[in-house]
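Enquirer: Heads up: the protein sequence lines correspond to chains A and B, in order. Quick note on our numbering: the first sequence kicks off at 1 and runs consecutively. Quick note on our numbering: the second sequence kicks off at 1 and runs consecutively. Each residue gets a CB set at the ideal place from its N, CA and C atoms; glycine is no exception. Here it is, the structure in full.
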Amino acid sequence: MYFKQKELHHFNKASGSNGEILKPHLLDVDTFSQEDFNLTFSIANKMKSIYTNGPKKSPLLRGKTITTLFYEPSTRTRISFESAAKMLSADVINLSVDGSSTKKGESFFDTMLTLQSSNIDLVIIRHNHSGAPYLAAKYLNKTLVINAGDGLHAHPTQALADMFTLAQHMKTLKGKKILIVGDVAHSRVARSNLIALCALGAKPIICGPPNLIPWDLFQNIHNSSSSPFKGIQINTNLDQAIVDVDVVMALRLQSERHAKGALPSLREYANLWQVTSSRLAKASPNVLLMHPGPMNIGVEISQEVAYSTNSVIQEQVSNSIAIRMAILLLMTDQSEALNV
Amino acid sequence: MYKSLFLKNGRIIDPSQKIDSVGSLLISNGKIQNLLLNNVNSASIPKDCLIIDCEGMIICPGFIDLHTHLREPGFEYKETISSGALAAAKGGFTTICSMPNTNPCPDNASIVRDLIKIGDNTKLRILPIGCITINRKGESIVEMSDLAQAGVIGFSDDGDALKRSDLIREALLYSTITGLPIITHCEDPSLITGKGINEGWVSSRLGLHSSPSIAEETMVARDIEMARLTGGKLHLAHISTEGSVRLIRDAKKRKINITAEATPHHILLSEDWIMGWAENEEKNLTGPSILSYVTKNTYDTNSKVSPPLRAKKDSQAILGAINDGTIDVIATDHAPHSYFDKATTWDDAAVGISGLETALGLLMTAANKKLLTLDRMISSLTTGPVSVLGLKWKELESLKENTIADITIINPHKKWMVDSSLFLSKGRNTPLDGMELEGKIAYTIRNGEIIYTDK
Chain A
1 MYFKQKELHH FNKASGSNGE ILKPHLLDVD TFSQEDFNLT FSIANKMKSI
51 YTNGPKKSPL LRGKTITTLF YEPSTRTRIS FESAAKMLSA DVINLSVDGS
101 STKKGESFFD TMLTLQSSNI DLVIIRHNHS GAPYLAAKYL NKTLVINAGD
151 GLHAHPTQAL ADMFTLAQHM KTLKGKKILI VGDVAHSRVA RSNLIALCAL
201 GAKPIICGPP NLIPWDLFQN IHNSSSSPFK GIQINTNLDQ AIVDVDVVMA
251 LRLQSERHAK GALPSLREYA NLWQVTSSRL AKASPNVLLM HPGPMNIGVE
301 ISQEVAYSTN SVIQEQVSNS IAIRMAILLL MTDQSEALNV
Chain B
1 MYKSLFLKNG RIIDPSQKID SVGSLLISNG KIQNLLLNNV NSASIPKDCL
51 IIDCEGMIIC PGFIDLHTHL REPGFEYKET ISSGALAAAK GGFTTICSMP
101 NTNPCPDNAS IVRDLIKIGD NTKLRILPIG CITINRKGES IVEMSDLAQA
151 GVIGFSDDGD ALKRSDLIRE ALLYSTITGL PIITHCEDPS LITGKGINEG
201 WVSSRLGLHS SPSIAEETMV ARDIEMARLT GGKLHLAHIS TEGSVRLIRD
251 AKKRKINITA EATPHHILLS EDWIMGWAEN EEKNLTGPSI LSYVTKNTYD
301 TNSKVSPPLR AKKDSQAILG AINDGTIDVI ATDHAPHSYF DKATTWDDAA
351 VGISGLETAL GLLMTAANKK LLTLDRMISS LTTGPVSVLG LKWKELESLK
401 ENTIADITII NPHKKWMVDS SLFLSKGRNT PLDGMELEGK IAYTIRNGEI
451 IYTDK
């Protein structure tokens, strides 16, 4: 289904050839249908039992070579992908910019050609430039691409992990009020999550300083029925926005990306937009608290909230491995072996 | 070899003389000998003369491009003066003005003289624009009088705005001794987080740092007031926003000595183009259809240009301003780049569109759709530029008898497909690749010599 759905969207067809399917790159969740989400979640469920009940090894990806190519530092995403691939018996090569030829001036284009010529089956790309994985997908015709976060644009596997986490706590997201609070403008996680939430019928609310809300959302220009962002509410006042919500997703304040002097102080930020226990008390009683990490405790989230019983932050981490295993299987066509 | 040319029975459009009628032109010795606005009988056509049947074609004064990047010296892998000249002739231009962001840049008379010498070896009339400040650094004004004597037709630090308000004031005031225009690129760098894409729904959707309209408008406002204060001649390059149009309209009402230009891409394309076109979709002036999700054709670096393609309301305002004359000039801002300058991530890609060879096709397509009047299209490419260049170049704008025979002949309904691999420019960076346009240059004639023929 995941693949069939892709047929509709030209970007996954092998271009210029005789119509055969497909290069199922995973670039963002904006092309996912409800069925695609469900299929991914059901495989992730099986994967979860593999690595929680052990043995933490399955031969499904034996003989596949997977490269992680990171142009930006990362701990959790990289470890998560690497352990997912290794549990499925793939051979994993880790490339980071420091260790690659990019330092010697090699272009992105040539790096892609090198990957292709080395018969790499799948490359997982993290890049500080928005759109880089799309460019990779344009160049590569044998190697599959997974977007592990590009610039300010998208982080599809994190969004899938977050949706998977929610799916384990609630039957459906339809009509659920999901509050995303913080530095939305600089968050690729928020972008992909908003797309997924809208697709799954949730009612997202965005809260944060007006200059940290993406321009298009703040101007509320997504009226067209085809927009992946339609129906999102904006409220800069956290005390109002948090009332009765079912889920709170806190985001890291990405101070390193802000224009100098654009925010008065961390103190004022925390006063106005920190998720605290008193604020969380205004939400629905069983509210789930999420954070994609890494957290700035005491800035966007208070310590007692981060480690409270409402928090599913650690589940997000372990679910992300299961989701990434599922994605690897789906993309390499190995999911049928599971009879889902 | 024929001594004379006879352009027979075309639709002659010469906005400088308010002519739009069927007629013929006799050209000899590089000059327009006769302009005949009545039916010609073949007996009156002189012998030894090449006859071009212009039935169904438009004959107009040769186009003048006020804004061309020729890259030489310094970036010859992107374009040379000679390759740029060939591209210009193919685009119907007989005169082009070269922008000074080269390396070294024309901030002194000897480089200007070199440029003129190289330009004279081409078939085109190439008029160099000098820098406003030494090395385009925005720190110290060039020897304007010396440059003017060497042959520059204006001063510009194009590519960058002059950050220092005091220097634009001094430059405008000092330039009055030359009578030449100061040409400004209006984008306040402090308001730009990333070049080449408008701050709008596309930049936001794609997570790209951007350049807001306000960055242009604050600079346009500043430079207009400086022109008012100093009496200097100000020409605003590549205007792209609705707000700028409002400011220019107001300034002209106040009789401030300014002129303004817009590019074909700012007149007719929008930021939507960056979202990319579906594989089998026909490109058209309405823009791409897939706007709800990102494809591998998104982040189209060939649509990365400075100032950026704006919202549709902006391009509509620019189009209106061309039609009503608020904007005087259409210029290409031809900015050629090599393949690998563009074949990279959006953030790393070079800024600019190779525009000489598609300008007329794009404009004519719009004119055929009645979006743009034919009269304004042609005057923006002839009398408009001459109003910036000054009286010295007055001859270039018209088809009057005994003036220089610079002539462009357009086949207004010929359909053709943009194929960047056939460009004569070294820069194949165009978002229009694969688009069908209606209207093509048939002949370009400079000094009475045919310098381009469409085969």
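Excluding the five sequence neighbours on either side, which residues of its own chain have a C-beta within less than 7 Å of the C-beta of B/Gly-434, listed in chain order?
Expert: Closer than 7 Å at the Cβ level, and outside the excluded window around B/Gly-434, lie Lys-283, Met-417, Val-418.
Enquirer: Under a Cβ-count criterion, where at least 16 other Cβ atoms within 10 Å of its own Cβ denotes burial, should B/Leu-399 be classed as buried or exposed?
Expert: So B/Leu-399 ends up on the buried side.
Enquirer: Is the CB-CB distance between A/Met-331 and A/Leu-200 below 8 Å?
Expert: Their beta carbons are not under 8 Å apart, which means A/Met-331 does not touch A/Leu-200 by this criterion.
Enquirer: Anything in the stretch 287 to 321 of chain B with a Cβ closer than 8 Å to a Cβ of chain D? List those residues in chain order, please.
Expert: The displayed structure is made up of protein chains A and B, and chain D is not among them.
Enquirer: Do B/Ile-45 and B/Asp-65 come within 8 Å of each other at the CB atom, strictly closer than that value?
Expert: Cβ atoms of B/Asp-65 and B/Ile-45: not closer than 8 Å.
Enquirer: Using the Cβ count rule (16 or more neighbours within 10 Å means buried), how would you classify B/Ser-401?
Expert: Checking the sequence, you will find Glu at residue 401 of chain B rather than Ser. Answer is exposed; the Cβ neighbour count stays below 16.
Enquirer: Could you tell me the boundaries of the beta strand (DSSP E) in which B/Pro-61 lies?
Expert: B/Pro-61 -> beta strand (DSSP E) spans 58 to 61.
Enquirer: Checking the sheet assignment: what are the DSSP bridge partners for A/Asn-290?
Expert: For clarity, residue 290 of chain A is Met in the given sequence; the question names Asn instead. According to DSSP, which records beta bridges pairwise, A/Met-290 is partnered with A/Met-249.
Enquirer: Rounded to whole angstroms, what is the Cα-Cα separation between B/Gly-232 and B/Lys-90?
Expert: Roughly 35 Å separates the two Cα atoms.
Enquirer: Can you find a C-beta in chain B that's less than 8 Å from the C-beta of A/Arg-188?
Expert: Yes, contact with chain B.
Enquirer: Return the chain-ordered list of same chain residues with a C-beta closer than 6 Å to the C-beta of A/Arg-62, the five sequence neighbours on each side being excluded.
Expert: Ser-89.
Enquirer: Hey, could you find the ends of the alpha helix (DSSP H) B/Lys-117 is sitting in?
Expert: That run of the alpha helix (DSSP H) goes 109 to 120.
Enquirer: Please return the same chain residues whose Cβ sits closer than 7 Å to the Cβ of B/Trp-277, not counting the five positions on each side in sequence.
Expert: Same-chain partners within the cutoff: Lys-283, Pro-288, Asn-297.
Enquirer: Which of the three DSSP states is assigned to A/Arg-126 in this structure?
Expert: Here A/Arg-126 sits in strand by DSSP.
Enquirer: Within its chain, find whatever has a CB closer than 7 Å to the CB of A/Pro-214; leave out the 5 residues flanking it on each side and keep chain order.
Expert: Result list for A/Pro-214: Val-184, Ala-185, in chain order.
Enquirer: Using a Cβ-Cβ distance cut-off of 8 Å, determine whether A/Trp-215 contacts chain B.
Expert: Chain B contact via Cβ: present.
Enquirer: In this structure, does DSSP put A/Ala-154 in helix, strand or coil?
Expert: A/Ala-154 falls in the strand class under three-state DSSP.
Enquirer: For the pair the stretch 110 to 129 of chain A and the stretch 147 to 167 of chain A, tell me if three or more CB-CB distances fall below 8 Å.
Expert: Because the criterion of three Cβ pairs below 8 Å is met, the stretch 110 to 129 of chain A and the stretch 147 to 167 of chain A touch.
Enquirer: So, are the CB atoms of B/Ile-215 and B/Thr-263 less than 8 Å apart?
Expert: The sequence shown places Ala at residue 215 of chain B, rather than the Ile named in the question. The answer is no: Cβ separation not under 8 Å.
Enquirer: Which residues mark the beginning and the end of the beta strand (DSSP E) in which B/Asn-411 is found?
Expert: Unbroken beta strand (DSSP E) run through B/Asn-411: 407 to 417.
Enquirer: B/Met-144 and B/Ser-98 look like a contact to me (Cβ under 8 Å); what is the Cβ gap, rounded to whole Å?
Expert: Not confirmed; about 17 Å, so no contact.
Enquirer: What residue does the alpha helix (DSSP H) around A/Asn-193 start on, and which one ends it?
Expert: Run containing A/Asn-193: 188 to 199, per the alpha helix (DSSP H) assignment.
Enquirer: Quick check: B/Gly-30 and B/Gly-355, are their CB atoms within less than 8 Å of each other?
Expert: Result no, Cβ atoms of B/Gly-30 and B/Gly-355 do not sit closer than 8 Å.
Enquirer: Closest Cβ-Cβ distance between A/Ala-132 and chain B: below 8 Å?
Expert: So yes, A/Ala-132 belongs to the interface.
Enquirer: Note down, in chain order, all residues in the stretch 24 to 42 of chain A with a beta-carbon under 9 Å from any beta-carbon belonging to chain B.
Expert: Within the stretch 24 to 42 of chain A, the residues whose Cβ lies closer than 9 Å to some Cβ of chain B are His-25, Leu-27, Asp-28, Asp-30, Thr-31, listed in chain order.
Enquirer: Do you know how far the Cα of B/Asn-135 is from the Cα of B/Ile-153?
Expert: Distance between the alpha carbons of B/Ile-153 and B/Asn-135 is about 18 Å.
Enquirer: With a threshold of 8 Å between beta-carbons, can B/Leu-208 be considered close to chain A, or not?
Expert: It does: the Cβ of B/Leu-208 has a partner Cβ on chain A nearer than 8 Å.
Enquirer: For a cutoff of 8 Å on Cβ pairs, would you count B/Phe-340 as touching chain A?
Expert: Yes, B/Phe-340 lies at the interface with chain A (some Cβ there is under 8 Å from its Cβ).
Enquirer: Any chance the CB of B/Ser-44 is under 7 Å from a heavy atom of the ligand MG?
Expert: Looking at this structure, you won't find the ligand MG or any other ligand, since it has none at all.
Enquirer: In the stretch 68 to 102 of chain B, which residues sit with their C-beta less than 7 Å from some C-beta in chain A, listed in chain order?
Expert: Here the close residues number zero.
Enquirer: Mind checking A/Ser-345: buried by the 16 CB within 10 Å criterion, or exposed?
Expert: Residue 345 of chain A lies beyond the stretch modelled for chain A, which goes from 1 to 340, so this question has no answer here.
Enquirer: Are the CB atoms of B/Asp-328 and B/Gly-243 nearer to each other than 8 Å?
Expert: No, Cβ-Cβ distance for B/Asp-328 and B/Gly-243 is not below 8 Å.
Enquirer: As a quick exercise: from B/Leu-374, B/Thr-344, B/His-337, B/Ala-237, pick the residue whose alpha carbon is nearest that of B/Glu-72.
Expert: The residue with the shortest Cα to Cα distance from B/Glu-72 is B/His-337.
Enquirer: Please confirm whether B/Thr-408 and B/Cys-54 have their CB atoms less than 8 Å apart.
Expert: Not in contact: B/Thr-408 and B/Cys-54 (Cβ atoms no closer than 8 Å).
Enquirer: For the alpha helix (DSSP H) that A/Lys-346 lies in, which residues bound it at each end?
Expert: Lying outside 1 to 340, the shown extent of chain A, residue 346 of chain A is not represented and no answer is given.
Enquirer: Considering just the uninterrupted stretch of the alpha helix (DSSP H) at B/Ser-292, what are its terminal residues?
Expert: Here B/Ser-292 belongs to no alpha helix (DSSP H), and DSSP marks it neither H nor E.
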